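Reviewing the structure listed below.
In the working numbering, the protein residues as written are 15 to 510.
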């Protein structure tokens, strides 16, 4: 089945709207503060929606759709449910801390505070490792949308990756965070419309509202289980900890949503909105994926199930809307990552590489050049995704396993309980986690929980043990920084 004129019109209108918003947002970025954190003026509802949109991508419709096809309900149990809980239970803590970092230290990047909390070396280790990791993560998102376009429209993967990547590059480079935030809202609306259309048509195809619960009687019994091997209870517990780190700021773009909020109350409300959306919306989004084995039995490539489902269920003219929603899911996450990584490179890495970047006359121009180059690097990875274990391999095996070691010092460094964990603890935990990842990649563990969670477990043990056995007093600058984070009043702390 090929796309008709209406499908192409809907897709083209979607892309043009993204570009127009990006160009219009160009004039809202007067300086680097506007470009990277929107001047700290994002309202809670917009920050909450953006946090939600930025937390998942088109990979949901490829890698996660494959899990839904082969293993059923467990995909909600080990992804959406723990994500929602992790965000809501800490909504009053980390969002407030991130806001106070901007207010007290004028940070525009989530890593700027690390120079005070640990030292310059620790900041650079986390910055470089995180940037390299994100190149692979964002590349996986481009590859996912390329796979879907190839199945649904017969468009080559290269074309799909280049189109989505170039459009994102334009509106992020021009608009900065304001461009990302506003397009996130539009993309959220498009996602909702596309998801509801698929849900309603699949329910009707299966015979009406009774099928919502009835499909579980027709599917294999294991599909209705909360834990379906290899996605066992230990796996869910370990990945919950990873999500706790990621969605509270370990994923830098999500920290930026809180940093860009006007105050602590707005940031906490944004977190709760995002968490609630994760608990509710995926139940509608995943239903067609759970029902796919009944409509498309015996697929050899489960990661193509959503694409074939679209062709089977959607009438001509509707396919364009759902494709636009898939683009929206991918571009919402990737654009957020690109903007935040550009902030890290511009604010944390380049000034250390060369003094000339410390007081550049045109910081906005530097930011836009960095944004462009990083986006191009992720697209190169996307075009070679098969060399890294495919989409699920990139997201789960690479990003999931390495996220913990790189984000633990960043997030735990905000908490007074870990104030004795200094630079040695931070760097030691990262090195230990990465080495564990390298070793486990060459060993047959026969446990997905250990494969994904062992690097984080090792990293956590090293980080905590260094703190327990550290007998030296906490530096005064760290004590003052932690006091600033606990206080709602503005406190200025010098980095030296």
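Glycine is no exception: its CB is placed at the ideal position from the N, C-alpha and C atoms. In this text the structure is predicted, and so the values were computed from the model without any measurement.
Between residue 500 and residue 203, what straight-line distance do the alpha-carbon atoms span, to the nearest angstrom? Here the question's residue 500 lines up with position 486 in the chain shown. Here the question's residue 203 lines up with position 189 in the chain shown. When rounded, the distance between both Cα atoms is 36 Å.
Hey, residue 302 and residue 213 are a contact pair by Cβ (cut 8 Å); roughly how many whole angstroms apart? Against the chain shown, residue 302 aligns to sequence position 288. Against the chain shown, residue 213 aligns to sequence position 199. Residue 302 to residue 213, Cβ: 6 Å. Contact.
Integer-rounded CB distance, given that residue 417 should sit under 8 Å from residue 264: Taking the first residue of the chain shown as 1, we reach residue 264 at position 250. Taking the first residue of the chain shown as 1, we reach residue 417 at position 403. Going by Cβ atoms, the distance from residue 264 to residue 417 rounds to 6 Å, so yes, they are a contact pair.
8 Å Cβ shell around residue 405 - same chain, five flanking residues per side excluded: Locating residue 405 in the chain shown gives position 391, counting from the first residue. For residue 405, the pLDDT reaches just 48, beneath the cut-off of 50, and the residue's location in the model is therefore unreliable, leaving the point undetermined.
Can you tell me where the alpha helix (DSSP H) holding residue 101 begins and where it ends? Indexing the chain shown from 1 puts residue 101 at position 87. Note, residue 101: alpha helix (DSSP H), 95-103.
Take every Cβ of the region 281-295, pair it with every Cβ of the region 109-117, and state whether three or more of those distances are shorter than 8 Å. yes
Does the distance from the C-beta atom of residue 277 to that of residue 113 stay below 8 Å? Residue mapping note: residue 277 aligns to position 263 of the chain shown, counting from 1. Residue mapping note: residue 113 aligns to position 99 of the chain shown, counting from 1. Their beta carbons are under 8 Å apart, which means residue 277 touches residue 113 by this criterion.
As an exercise, report each continuous beta strand (DSSP E) stretch of at least 3 residues that is fully enclosed by the region 168-231, in chain order. Secondary structure remark: continuous beta strand (DSSP E) runs of at least 3 residues inside the region 168-231: none found.
Could you check what DSSP says for residue 262 in three-state terms: helix, strand or coil? Here residue 262 corresponds to residue number 248 of the chain shown, with the count starting at 1. Three-state result, residue 262: helix.
DSSP beta-bridge partners for residue 242? To locate residue 242, count along the chain shown from 1; it is residue 228. Paired residues: 245.
For a quick check, are the C-beta atoms of residue 68 and residue 347 less than 8 Å apart? Locating residue 68 in the chain shown gives position 54, counting from the first residue. Locating residue 347 in the chain shown gives position 333, counting from the first residue. In this structure, residue 347 lies closer than 8 Å to residue 68 by Cβ.
Tell me which residues share the same chain as residue 98 and place their Cβ nearer than 6 Å to its Cβ, disregarding the 5 neighbours each side in the sequence. If you number the chain shown from 1, residue 98 lands on position 84. If we look at residue 98 and ignore the five residues flanking it on each side, its Cβ neighbours are 289, 292 and 293.
Based on Cα-Cα distance, which residue from 460, 457 and 95 lies nearest to residue 254? Numbered from its first residue, the chain shown carries residue 254 at position 240. With distances taken between Cα atoms, residue 254 lies closest to 95.
Do the region 239-249 and the region 353-373 touch if we need at least three Cβ pairs shorter than 8 Å? no
Assigned exposure category for residue 509 - 16 Cβ within 10 Å defines buried: As a working note, residue 509 is residue 495 in the chain shown. Confidence is the limiting factor: at residue 509 the pLDDT is only 45, short of 50, which leaves the residue's position unreliable and the question unanswerable from this model.
According to DSSP, simplified to helix, strand and coil, what is residue 87? As a position in the chain shown, residue 87 is number 73, starting the count at 1. Coil.
Status (buried if at least 16 other CB within 10 Å, exposed otherwise) for residue 379: Here the question's residue 379 lines up with position 365 in the chain shown. Exposed is the call here.
Exposed unless 16 or more other CB atoms sit within 10 angstroms - verdict on residue 101: For the purposes of this step, residue 101 is taken as the residue at position 87 of the chain shown. The residue is buried, with at least 16 neighbouring Cβ atoms inside 10 Å.
Buried or exposed for residue 456, going by 16 or more other Cβ atoms inside 10 Å? Here residue 456 refers to the residue found at position 442 of the chain shown. The C-beta of residue 456 has fewer than 16 other C-beta atoms within 10 Å across all chains shown, which makes the residue exposed.
Cβ-based neighbour list, residue 189, same chain, cut-off 8 Å, excluding 5 preceding and 5 following: By 1-based counting over the chain shown, the position of residue 189 is 175. Cβ neighbours of residue 189 beyond the five flanking positions: 35, 36, 37, 38, 39, 40, 42, 43, 196 and 197.
Identify the continuous alpha helix (DSSP H) that holds residue 20 and give its terminal residues. Position 6 of the chain shown, counting from 1, holds the residue named residue 20. Segment 19-39, the alpha helix (DSSP H) holding residue 20.
Helix, strand or coil, according to DSSP, for residue 121 in the structure here? Walking along the chain shown from the start, residue 121 turns up at place 107. In the structure shown, residue 121 sits in coil (DSSP, three-state: anything other than H, G, I, E or B).
So the alpha helix (DSSP H) residue 61 belongs to, where does it begin and stop? In the chain shown, counting from the first residue as 1, residue 61 sits at position 47. Its alpha helix (DSSP H) spans residues 58-67.
Coil, strand or helix - residue 393 by DSSP: For the purposes of this step, residue 393 is taken as residue 379 along the chain shown, with counting starting at 1. Three-state DSSP puts residue 393 in a helix.
Nearest by alpha-carbon distance to residue 333: which of 447, 474, 211 and 313 is it? Position 319 of the chain shown, counted from the first residue, corresponds to residue 333. It is 211 whose Cα lies nearest to the Cα of residue 333.
Closer than 7 Å by C-beta to residue 235: which residues in its own chain qualify, once you throw out the five before and the five after it? Chain order, please. Along the chain shown, one-based indexing puts residue 235 at 221. Taken in chain order, the list of residues that qualify is empty.
Can you check the region 442-488 for any alpha helix (DSSP H) of at least 4 residues that lies completely inside it and give the ranges in chain order? DSSP runs (the alpha helix (DSSP H)) wholly in the region 442-488: 462-483.
Please say whether residue 473 and residue 436 have beta carbons closer to each other than 8 Å? If you number the chain shown from 1, residue 436 lands on position 422. If you number the chain shown from 1, residue 473 lands on position 459. A distance of 8 Å or more separates the beta carbons of residue 436 and residue 473.
Let me confirm a value: residue 439 is counted as buried when at least 16 other C-beta atoms fall within 10 Å, else exposed. Which label applies? In the chain shown, the residue the question calls residue 439 occupies position 425. Buried, by the Cβ-count rule.
Residue 75: first and last residue of the uninterrupted alpha helix (DSSP H) it sits in: As a working mapping, residue 75 is identified with position 61 in the chain shown. Premise fails: residue 75 is in no alpha helix (DSSP H) and is neither H nor E.
Could you check where the alpha helix (DSSP H) with residue 317 kicks off and where it finishes? Start at 1 with the first residue of the chain shown, and residue 317 comes out as number 303. It is not in any alpha helix (DSSP H) - residue 317 carries neither H nor E in the DSSP assignment.
Between the region 348-355 and the region 114-122, do at least 3 Cβ pairs fall closer than 8 Å? Verdict: no, contact absent.
Could you give the distance in angstroms between the alpha-carbon of residue 387 and the alpha-carbon of residue 477? The residue given as residue 387 occupies position 373 in the chain shown. The residue given as residue 477 occupies position 463 in the chain shown. Taking the straight line joining both Cα atoms gives about 34 Å.
Report the rounded CA-to-CA distance for residue 443 versus residue 485, giving the unit in angstroms. Here the question's residue 443 lines up with position 429 in the chain shown. Here the question's residue 485 lines up with position 471 in the chain shown. Near 18 Å, if we compare the C-alpha coordinates of residue 485 and residue 443.
I need the straight-line Cα distance from residue 322 to residue 152, nearest angstrom please. As a working note, residue 322 is residue 308 in the chain shown. As a working note, residue 152 is residue 138 in the chain shown. For residue 322 and residue 152, the distance between alpha carbons rounds to 24 Å.
So, are the CB atoms of residue 421 and residue 259 less than 8 Å apart? Counted from its first residue, the chain shown places residue 421 at position 407. Counted from its first residue, the chain shown places residue 259 at position 245. Yes, the Cβ-Cβ distance between residue 421 and residue 259 is below 8 Å.
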